[in-house]
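Notes follow once the structure below has been shown.
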Amino acid sequence: MTTQTSGNYEQGYRAVLVREDTKKSLRVFRSGLPERDLFQERRIATAALEMAIEDASKDDQARERLFARVKDVVRRDLDDSKTA
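Remember, our numbering sits 720 above the position in the sequence shown when you count from 1.
See the structure below:
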């Protein structure tokens, strides 16, 4: 059983950590959508993750793009830790 810890708890969802700049991009993307009620951030993030995982599982080029992006994220993390 999961205990509700905040006002935005939704059954079947778990927290995932993302970079602040990614979260901001997600909010900008969501705010530009015409039907915002159906496109909450958690659903967009879930769909994006599912698509990335499915594509990388089926296609070598997609997997290479995913891991190239992972390396980019690591670089940004390292750059951020140097400036902190």
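Backbone N, C-alpha and C define an ideal beta-carbon position, used for all residues, glycine too. The model shown is predicted, which means the values in this text are computed figures rather than measured ones.
Beta-carbon proximity check, residue i vs residue j, cutoff 9 angstroms
{"i": "I773", "j": "F749", "result": "no"}
{"i": "L786", "j": "D775", "result": "yes"}
{"i": "R739", "j": "V793", "result": "yes"}
{"i": "V790", "j": "L769", "result": "no"}
Enclosing alpha helix (DSSP H) for residue i [first to last residue]
{"i": "Q781", "result": "D780 to T803"}
{"i": "L746", "result": "E740 to S751"}
Nearest residue (CA-CA) to residue i, options the options
{"i": "Y729", "options": "E740, Q760 and A768", "result": "Q760"}
{"i": "D741", "options": "P754, D797 and K778", "result": "D797"}
{"i": "R734", "options": "G752, S745, K802 and T766", "result": "T766"}
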